[in-house]
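K.L.:
Numbering of the sequence shown is given in the working numbering, commencing with residue 103 and proceeding in unit increments. Note that the Cβ used here is the ideal one computed from N, Cα and C, for glycine as well. Quick one: the structure is below, and I'll ask about it shortly.
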Amino acid sequence: MTSTKSADRAYDVIRLQILNGTLQAGARIVEAELARDLNSSRTPVREALRRLEAEGLVEVLPHRGARVTGWTADDLREIYDLRSALEALAGDRAASLITPSDLVALDGLCDHMEEIGSESNIPARDHYSRLNNEFHEIIREASGSVRLVAMLHGVVGVPLIVRTFHLYQEADMHRSSMHHREIVSALRAGDGVWAGSVLRAHVLAAKFTLLGNGSATADLQ
Numbered sequence: 103m104t105s106t107k108s109a110d111r112a113y114d115v116i117r118l119q120i121l122n123g124t125l126q127a128g129a130r131i132v133e134a135e136l137a138r139d140l141n142s143s144r145t146p147v148r149e150a151l152r153r154l155e156a157e158g159l160v161e162v163l164p165h166r167g168a169r170v171t172g173w174t175a176d177d178l179r180e181i182y183d184l185r186s187a188l189e190a191l192a193g194d195r196a197a198s199l200i201t202p203s204d205l206v207a208l209d210g211l212c213d214h215m216e217e218i219g220s221e222s223n224i225p226a227r228d229h230y231s232r233l234n235n236e237f238h239e240i241i242r243e244a245s246g247s248v249r250l251v252a253m254l255h256g257v258v259g260v261p262l263i264v265r266t267f268h269l270y271q272e273a274d275m276h277r278s279s280m281h282h283r284e285i286v287s288a289l290r291a292g293d294g295v296w297a298g299s300v301l302r303a304h305v306l307a308a309k310f311t312l313l314g315n316g317s318a319t320a321d322l323q
């Protein structure tokens, strides 16, 4: 097996263990142990950890190995409270600025997310997370505020969002899809108050899903 394929395999295995909870937040990742388990040298494992660090899923500690990134309950409250306020403001502003082509794109993303929303496997949830981020990014950009977009990027951690979707149950996915449809309806109507209100509720519902589930919160710490 080539070094690239070995690194890809190590990346896939470690990432899966993080997302399915085998490696919980804060857990130490020992290169030598992983290399032994994967029957490879430490070089592919090290490369895999660098890729996972770039995604924000692990923290590489100089001379101490690596550990799975985690968030405390207080971190989650702060992140989601800030995000709910900022996403609501973006939706309010976007309602008067969004273009017909943006609305068509949002409709298409809703369709696609609903097609895969019932699938609970990791590739499907990863795909859903990417589509969800694209959905919200269209609205953020349509707000016309560079500062607001930058602030949102500061609190919307992709690794956290990815891991959030991996904790969602079928009812959570259905609720998320319903919110997406209503957000598009509000934007199409040009009603900023409506759009902002639904976006705020949408983000706070995700917060409740995490903080209302003790085991899920523990997995992220």
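Hey, how far is the Cα of Q271 from the Cα of D177?
P.N.:
The residue you call residue 271 lines up with position 169 of the sequence shown. The residue you call residue 177 lines up with position 75 of the sequence shown. Rounded to the nearest angstrom, the two C-alpha atoms are 23 Å apart.
K.L.:
Is it the case that the Cβ atoms of L159 and V170 are separated by a distance below 8 Å?
P.N.:
For the purposes of this step, residue 159 is taken as the residue at position 57 of the sequence shown. For the purposes of this step, residue 170 is taken as the residue at position 68 of the sequence shown. Cβ atoms of L159 and V170: closer than 8 Å.
K.L.:
Do you know how far the Cα of V300 is from the Cα of A308?
P.N.:
In the sequence shown, counting from the first residue as 1, residue 308 sits at position 206. In the sequence shown, counting from the first residue as 1, residue 300 sits at position 198. Each residue's Cα considered, the two are about 13 Å apart.
K.L.:
Helix or strand or just coil, what does DSSP make of I200?
P.N.:
Locating residue 200 in the sequence shown gives position 98, counting from the first residue. DSSP places I200 in coil when its eight states are reduced to three.
K.L.:
Does the distance from the CB of V257 to the CB of R302 come in under 8 Å?
P.N.:
On the sequence shown, position 155 is the one that residue 257 refers to. On the sequence shown, position 200 is the one that residue 302 refers to. No, the pair does not count as a contact, with Cβ atoms beyond the cut-off.
K.L.:
Can you tell which of H282, R195, A207 has the C-alpha that lies nearest to the C-alpha of S247?
P.N.:
Here residue 247 refers to the residue found at position 145 of the sequence shown. Among H282, R195, A207, the Cα nearest to that of S247 belongs to R195.
K.L.:
My output table needs one value for A307: the three-state DSSP class, helix, strand or coil.
P.N.:
Mapped onto the sequence shown, residue 307 falls at position 205. Correct three-state label for A307: helix.
K.L.:
Report the rounded CA-to-CA distance for A288 versus S198, giving the unit in angstroms.
P.N.:
Taking the sequence shown and counting its residues from 1, the one referred to as residue 288 is at position 186. Taking the sequence shown and counting its residues from 1, the one referred to as residue 198 is at position 96. For A288 and S198, the distance between alpha carbons rounds to 11 Å.
K.L.:
Would L118 be called buried (16 or more neighbouring beta carbons within 10 Å of its own) or exposed?
P.N.:
Mapped onto the sequence shown, residue 118 falls at position 16. When all chains shown are included, L118 counts as exposed.
K.L.:
When DSSP builds the beta bridges, which residues end up paired with A168?
P.N.:
For the purposes of this step, residue 168 is taken as the residue at position 66 of the sequence shown. A168 is bridged to I131, V162.
K.L.:
For the alpha helix (DSSP H) holding Y270, just list the boundary residues, first then last.
P.N.:
The residue labelled residue 270 in the question sits at position 168 within the sequence shown. Segment: none, Y270 is in no alpha helix (DSSP H) and carries neither H nor E.
K.L.:
I need the DSSP call for N223, collapsed to helix, strand or coil.
P.N.:
Here residue 223 corresponds to residue number 121 of the sequence shown, with the count starting at 1. If DSSP states are grouped into helix, strand and coil, N223 belongs with coil.
K.L.:
Between which two residues does the alpha helix (DSSP H) harbouring L154 extend?
P.N.:
Counted from its first residue, the sequence shown places residue 154 at position 52. That run of the alpha helix (DSSP H) goes 144–156.
K.L.:
Would A109 be called buried (16 or more neighbouring beta carbons within 10 Å of its own) or exposed?
P.N.:
Sequence index remark: in the sequence shown, residue 109 carries index 7 (1-based). A109 is buried by the Cβ-count criterion.
K.L.:
For H165, count the other beta carbons within 10 Å of its own beta carbon; 16 or more makes it buried, fewer makes it exposed. Which is it?
P.N.:
Here the question's residue 165 lines up with position 63 in the sequence shown. Looking at its Cβ environment, which holds fewer than 16 other Cβ atoms inside 10 Å, H165 is exposed.
K.L.:
For S231, name the three-state secondary structure that DSSP assigns.
P.N.:
Residue numbering aside, residue 231 sits at position 129 when the sequence shown is read from its first letter. Residue state, collapsed to three classes: helix.
K.L.:
Between T319 and L313, what straight-line distance do the alpha-carbon atoms span, to the nearest angstrom?
P.N.:
Position 217 of the sequence shown holds residue 319. Position 211 of the sequence shown holds residue 313. In this predicted model, T319 has a pLDDT of only 47, less than 50, meaning its place in the structure is not dependable enough to derive any value.
K.L.:
Taking the alpha helix (DSSP H) that A252 falls in, what are its first and last residues?
P.N.:
Locating residue 252 in the sequence shown gives position 150, where the first residue counts as 1. Here the alpha helix (DSSP H) through A252 covers 248–257.
K.L.:
Among A192, L188, H281, which one has its Cα closest to the Cα of L211?
P.N.:
Locating residue 211 in the sequence shown gives position 109, where the first residue counts as 1. With distances taken between Cα atoms, L211 lies closest to H281.
K.L.:
Report yes or no: is there a C-beta of chain D within less than 8 Å of the C-beta of L250?
P.N.:
Included in the structure is just one protein chain, with no chain D present.
K.L.:
How many Å lie between A156 and H214 at the Cα?
P.N.:
Numbered from its first residue, the sequence shown carries residue 156 at position 54. Numbered from its first residue, the sequence shown carries residue 214 at position 112. Each residue's alpha carbon lies about 27 Å from the other.
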